[in-house]
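Counting from 1, position 15 in the sequence shown corresponds to residue 222 in the numbering used here; the numbering is continuous, with no gaps.
Just so it is clear, CB atoms sit at the ideal spot from N, CA and C, and this is done for glycine as well.
Notes follow the structure.
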Amino acid sequence: MKAKDGIGSTEWLTSLLHAVDELARQHPEAIARGFEKARAAVESFWENAAAHS
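Below, the structure written as structure tokens:
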């Protein structure tokens with residue numbers, strides 16, 4: 208990301224998505240494990256929120 212890029216710039220996001228895509232191609236099982244952990248964390252969050260409401 209260049210210093211002149213503004214907050215509305217999408218250049219950094221495009222670069223990030225390309226990097227994630229490349230990692231997914233090289234290490235699909237690691238990406239799958241990461242998504243599974245994220246899914247479990249979100250489920251746990253909502254279960255805890257429901258239990259305390």
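Quick test of your reading: residue i and residue j, contact by CB under 8 Å. State the CB separation rounded to the nearest angstrom.
i    : j    : result
I238 : A231 : 5 Å
Can you give me the C-alpha to C-alpha distance between residue i and residue j, rounded to a whole angstrom?
i    : j    : result
P235 : K244 : 14 Å
A257 : T217 : 36 Å
S260 : Q233 : 42 Å
R240 : D228 : 15 Å
L224 : N255 : 31 Å
M208 : R246 : Confidence is the limiting factor: at M208 the pLDDT is only 47, short of 50, which leaves the residue's position unreliable and the question unanswerable from this model.
Taking the alpha helix (DSSP H) that residue i falls in, what are its first and last residues?
i    : result
S251 : 235 to 258
So that I know if they touch, is there some Cβ in chain C lying closer than 8 Å to that of residue i?
i    : result
E254 : Included in the structure is just one protein chain, with no chain C present.
My output table needs one value for residue i: the three-state DSSP class, helix, strand or coil.
i    : result
T221 : helix
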